[in-house]
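Data first, discussion second: the structure below is written as structure tokens.
Number of protein chains: 2
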Amino acid sequence: MGKLSTAVSCGNCSVKRLCLPVGLSEEDIQRLEHVTRKKKILKTGEPLFRAGDPFSNLYAIRSGSFKSAVIGADGDTQVTHFALPGELLGLDAYSSGAHPGYAEALEESSVCVLPFTQLESLAQQVPALQKQIYSIFSEELKQENEALLLLGKRSAESRLAALLINISSRYARRGYSASEFLLTMPRMDIANYLGLTAETVSRLISRFQKQGLIRVRGRAITILDLIALSELAGTHCSYEGS
Amino acid sequence: MGKLSTAVSCGNCSVKRLCLPVGLSEEDIQRLEHVTRKKKILKTGEPLFRAGDPFSNLYAIRSGSFKSAVIGADGDTQVTHFALPGELLGLDAYSSGAHPGYAEALEESSVCVLPFTQLESLAQQVPALQKQIYSIFSEELKQENEALLLLGKRSAESRLAALLINISSRYARRGYSASEFLLTMPRMDIANYLGLTAETVSRLISRFQKQGLIRVRGRAITILDLIALSELAGTHCSYEGS
DNA sequence: CGCACCCTTGATCGTTTTCAAAATGTGTGG
DNA sequence: CCACACATTTTGAAAACGATCAAGGGTGCG
């Protein structure tokens, strides 16, 4: 109740220009903060939610990174998304009332817990928030379409190049270096996401390094030749939306 | 203004239980009809919208079928979705204000043209409509995740089996036969959607027929052994949502 | 009826998977 | 700080799956 609350508010959150507050007035942001009070910290590998969990919250990533995945009927999983700060998790659970897949922290991460019913009624009163929610849904759909393009038509080489560029540009958008970043996910998750095997990913990373396109030290990546990498990807650098 | 209007209204539309009216009262449906006045008929191959077109409308499919596709930077396309009556097209255009991909009729089809700004303000007043819009967005995301699972992990055989089951169950949901239906899309589009070549699709269809799983006459498909097909697909029959 | 397009079928080629093993990295407790 | 155990990553060789190239057969529309 005191002013000493350690809870970070939307107003001073480092990802507010990527998250729900976009387009909101100071006053509206204050109203939004009633919804975003609850935070959660997760350790590496800890699940944010599991497949089948009832849908009650959305989660806004404040820091760290996540993978989300769906589980097929025969038990095998497909990583569908790597999520970075400012992005929302759980949107696909609304229609059925339960999470169709799970989400798991790839490193020490923190999220805002957003009770959806509260968010929904606030959005009903604040058109700018409504628009932002539509926008996030829509953006998500667009990104999934791009992911489909990647999986459907491209060679293994193309896919990995595209992923590296994608992640690089998303980090850049958040104010980090575009050329040097950490690939927080294990090779196996990358492979799964790209529809490949861990061995193929490993071979490709080695090859990219030999060709002087990137430098690799463990999970740390330095992009040395963005142009060449973009050509391999077959998609221009502007892989991200808006 | 007269009662003789030939325009089909939501109230008596054959897909109203799959479309925006879900959950709406009679009164709300009448208000919705002000937004859904405009219809459009398309012939086979005619585009509903093109990549880059400004976003102003959503389109609700009343009859027929569509493919939607995105176009990569180097010009090649990926079919991302086959859309059937009751489904909405254009949702992924909201965030950027322009359609990132195109949609094209696969047969003589008809759609409701929904000016989004009107729909948006009506939804602001009608919570049930708001919920239905969220639900459709969310459902769409879930379906794309399932498509990713398909493309990422499965063999060609699995993918085709899953597509057949998916389409079958979607027709069934609309009141048509689950075991006999028309594959309105050319083989090449199926192949593209599944990340395969037309030749592979053709071979697989032949093989499924030889194995007694399906019967094929041109684009007409009869499913003879749903169980076996489901096993091949690796996903249970309930491929669709909710 | 003829032409164009779509679909089928066959043979070969290439990429990616699979199987196997070694090397590197990570975390733990001594 | 080091040593050990375990997981992840890298690398190699062989096999498989689907792509590509090529030709022939249907089907529908003018």
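Chains as they are written, first to last, in UniProt numbering: chain A, 1 to 242; chain B, 1 to 242.
Glycine residues also receive a C-beta, built at the ideal position from the N, C-alpha and C atoms.
Whole-Å CB distance - residue i paired with residue j, under 8 Å assumed
i: Ala128 of chain B; j: Asp225 of chain B; result: About 41 Å separates the two Cβ atoms, so there is no contact after all.
i: Lys38 of chain B; j: Glu108 of chain B; result: At roughly 18 Å, the Cβ-Cβ gap does not stay under 8 Å, so Lys38 of chain B and Glu108 of chain B are not in contact.
i: Leu141 of chain B; j: Leu91 of chain A; result: 6 Å
i: Phe49 of chain A; j: Ala123 of chain A; result: With 8 Å as the limit, Phe49 of chain A and Ala123 of chain A do not qualify as a contact, their Cβ atoms being about 21 Å apart.
i: Leu229 of chain A; j: Leu213 of chain A; result: 5 Å
i: Asn57 of chain A; j: Pro100 of chain B; result: In fact, because the Cβ distance is near 29 Å, the residues do not count as touching under 8 Å.
i: Gly52 of chain A; j: Ala105 of chain A; result: With a Cβ gap of about 19 Å, Gly52 of chain A and Ala105 of chain A do not count as contacting.
i: Gly11 of chain A; j: Gln132 of chain A; result: So it is not a contact: roughly 16 Å between Cβ atoms.
i: Cys112 of chain B; j: Thr200 of chain B; result: So it is not a contact: roughly 37 Å between Cβ atoms.
i: Leu164 of chain A; j: Ile221 of chain A; result: 7 Å
i: Arg217 of chain B; j: Val15 of chain B; result: Actually they are not in contact, since the Cβ atoms of Arg217 of chain B and Val15 of chain B sit about 27 Å apart, beyond 8 Å.
i: Phe137 of chain B; j: Phe55 of chain A; result: With a Cβ gap of about 14 Å, Phe137 of chain B and Phe55 of chain A do not count as contacting.
i: Ser168 of chain B; j: Ala156 of chain B; result: That belief does not hold up - the Cβ atoms of Ser168 of chain B and Ala156 of chain B are roughly 19 Å apart, past 8 Å.
Nearest residue (CA-CA) to residue i, options the options
i: Ser65 of chain B; options: B:Gly86, B:Thr77, B:Val8; result: B:Gly86
i: Leu84 of chain A; options: A:Asp53, A:Ser110, A:Lys40, A:Arg187; result: A:Ser110
i: Ala73 of chain A; options: B:Ser158, B:Arg217, B:Ile205; result: B:Ser158
i: Leu160 of chain B; options: B:Leu58, B:Ile41, B:Phe208, B:Gly11; result: B:Phe208
i: Asn192 of chain A; options: A:Ser56, A:His81, A:Cys10, A:Leu229; result: A:His81
i: Lys40 of chain B; options: B:Ala60, B:Pro54, B:Arg50; result: B:Ala60
i: Leu149 of chain B; options: B:Glu139, B:Ala162, B:Phe137, B:Ser206; result: B:Ala162
i: Leu194 of chain A; options: B:Gly152, B:Gly218, B:Ala172, B:Ser230; result: B:Gly152
i: Asn166 of chain A; options: A:Pro115, A:Ala233, A:Met185; result: A:Ala233
i: Ser68 of chain B; options: B:Pro47, B:Asn57, B:Gly75; result: B:Pro47
i: Phe116 of chain A; options: A:Ala105, A:Pro100, A:Tyr94; result: A:Tyr94
i: Leu32 of chain B; options: B:Leu18, B:Ser14, B:Ser9; result: B:Ser9
i: Glu180 of chain B; options: B:Ile223, B:Ile190, B:Glu144, B:Leu229; result: B:Ile223
i: Glu120 of chain A; options: A:Leu18, A:His34, A:Arg219; result: A:His34
i: Cys13 of chain B; options: B:Arg62, B:Gln30, B:Ser25, B:Ala156; result: B:Arg62
i: Val126 of chain B; options: B:Gln30, B:Val15, B:Lys16, B:Arg17; result: B:Gln30
i: Glu139 of chain A; options: B:Gly75, B:Ser96, B:Val15, B:Tyr134; result: B:Ser96
i: Pro186 of chain A; options: A:Ala198, A:Arg170, A:Ala178; result: A:Ala198
i: Leu20 of chain B; options: B:Val79, B:Leu88, B:Ser168; result: B:Leu88
i: residue 245 of chain A; options: B:Lys16, B:Val15, B:Phe55, B:Gly75; result: Limits of chain A in this structure are 1 at one end and 242 at the other, which puts residue 245 of chain A out of reach.
i: Met188 of chain A; options: A:Glu26, A:Ser177, A:Arg203, A:Tyr176; result: A:Arg203
i: Leu18 of chain B; options: B:Ser177, B:Gly45, B:Ala172, B:Ala178; result: B:Ala172
i: Val70 of chain A; options: B:Gln143, B:Arg215, B:Ile205; result: B:Gln143
i: Thr77 of chain B; options: A:Gln78, A:Glu231, A:Lys210, A:Ala147; result: A:Ala147
Chain-ordered neighbours of residue i on chain B, where CB pairs are closer than 9 Å
i: residue 246 of chain A; result: Outside the displayed range of chain A (1 to 242) lies residue 246 of chain A, so it cannot be described from this structure.
i: Asn192 of chain A; result: Gly152, Lys153
Contact set between residue i and chain A, taken where Cβ atoms lie within less than 8 Å
i: Asp28 of chain B; result: Result: empty, since nearest Cβ-Cβ is about 15 Å, beyond 8 Å.
i: Ser135 of chain B; result: Tyr94, Ser95
i: Gly195 of chain B; result: Leu151, Gly152, Lys153
Closer than 7 Å at the beta carbon, the chain A residues around residue i
i: Asp92 of chain B; result: Ser138, Leu141, Lys142, Asn145
i: Pro100 of chain B; result: Lys142, Asn145
Beta-bridge pairing of residue i - partner residues as DSSP gives them
i: residue 312 of chain A; result: In this structure chain A extends from 1 to 242, so residue 312 of chain A is not present and cannot be described.
i: Ala233 of chain A; result: Paired residue(s): none; Ala233 of chain A is not in a bridge.
i: Tyr59 of chain B; result: B:Leu89, B:Val113
i: Leu42 of chain B; result: B:Ser109
i: residue 260 of chain B; result: Any question about residue 260 of chain B goes unanswered here, given that chain B covers just 1 to 242.
i: Gly101 of chain B; result: B:Val70
i: Pro47 of chain B; result: B:Glu104
i: Ala83 of chain B; result: B:Phe66
i: Pro127 of chain A; result: The partner list for Pro127 of chain A (beta bridge, DSSP) is empty, contrary to what the question assumes.
i: Pro54 of chain A; result: A:Ala98
Closer than 6 Å: residue i CB and nearest the ligand ATP heavy atom
i: Leu182 of chain A; result: Absence of the ligand ATP is noted for the structure shown, with no ligands found whatsoever.
Problem - Chain-ordered residues of the stretch 108-129 of chain A with a beta carbon less than 7 Å from chain B - result: From the stretch 108-129 of chain A, only Gln124, Pro127 have a Cβ closer than 7 Å to chain B.
Problem - Chain-ordered residues of the stretch 56-89 of chain A with a beta carbon less than 7 Å from chain B - result: Val70, Gly72, Ala73, Asp74, Asp76, Gln78, Thr80
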